[in-house]
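Position one of the sequence shown corresponds to residue 477 (our numbering), numbered consecutively onward.
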Amino acid sequence: MATNNEHKLREIRQILGDLYEVKGLKEIGCNEDIPETCETLEGNALQKARYVNEHYGVDCFADDTGLEVDALEGAPGIYTARFGQMNGYGDSHDSDANIACLLDKLQDAESRRARFRTVIALIQNGEEHLFEGIVEGEILKERTGTDGFGYDPIFAPVEAGVSFAVMGPAEKNRISHRGRATQKLVAYLQNQD
């Protein structure tokens, strides 16, 4: 998987269980910060997967995930991990800053509807494939729960009515955006065997 994000690796490994062994970038000797310069989740996922495939010669997959908030016209979207920093709250990839920024921006919002979207790009035998997972929900007014990472304490999927951070990993992975995209990836790979 074209990531050094330990949270994402752990989540993917939990979802896949014993089906596949997943290696991160460090395990193939890639310590570069792979650029994400595209304007879409699909483009960024493909950019990361192509980089690893071209520079390291291995089949791989990469994901890009965005939180899309209706009241913010789909923002933060591709800037989800850097949302706080872009708005003067903390550093890049600082979850606390991202959450504080989002809660401030939604303080007077009538609608708190949002969705998480994950796109996984797979490069296998020279072919590119995309798999998307979406979970609809809402942004809570305050943090709840301690599990998960990123925006998990303030995002409540419609199916659950509680934040991702309240759920255990198995429950979250069953309904999450990344879980749904990964299930599509697995179905594709198993169909190839």
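Glycine residues also receive a C-beta, built at the ideal position from the N, C-alpha and C atoms.
Are the region 613-626 and the region 637-646 touching, with three or more C-beta to C-beta distances below 8 Å? yes
For P552, three-class secondary structure by DSSP: strand
Could you give the residue range of the beta strand (DSSP E) that holds F631? F631 to P633
For T513, count neighbouring Cβ atoms within 10 angstroms of its own Cβ and tell me buried if that reaches 16, exposed if not. exposed
Over what stretch of residues does the beta strand (DSSP E) that includes I596 continue unbroken? Note, I596: beta strand (DSSP E), R589 to Q600.
Decide if M562 is buried, meaning its Cβ has at least 16 other Cβ atoms within 10 Å, or exposed. A residue is called buried once 16 or more other Cβ atoms fall within 10 Å of its Cβ, and M562, having fewer, is exposed.
Would you kindly work out how many angstroms separate the C-alpha atoms of R656 and N649, rounded to a whole number? CA-CA distance, R656 to N649, rounds to 8 Å.
CB-CB under 6 Å to A557, same chain, minus the five flanking residues each way: which ones, in chain order? H569
For G560, write down the residues that DSSP places opposite it in a beta bridge. Per DSSP, none; premise fails for G560.
Measuring alpha carbon to alpha carbon, tell me which of L582, D584, S652 and V534 ends up nearest R591. S652
Per DSSP, what kind of secondary structure is E608 in: helix, strand or coil? strand
V545 lies in the beta strand (DSSP E); which residues open and close that run? C536 to V545
Exposed or buried, which one is P511 when buried takes at least 16 other CB atoms within 10 Å? exposed
C-beta contact flag for D539 and K484 at 9 Å: With a cutoff of 9 Å on beta-carbon distance, D539 and K484 are scored as near each other.
Where does E503 sit, in a helix, a strand or coil, going by DSSP? helix
Taking 9 Å as the threshold (beta carbon to beta carbon), is Q666 in contact with chain B? Annotation note: the requested chain B is absent from the structure, which comprises a single protein chain.
Do V638 and L517 come within 9 Å of each other at the CB atom, strictly closer than that value? no
Taking 9 Å as the cut-off, decide whether the C-beta atoms of D535 and N481 are in contact. no
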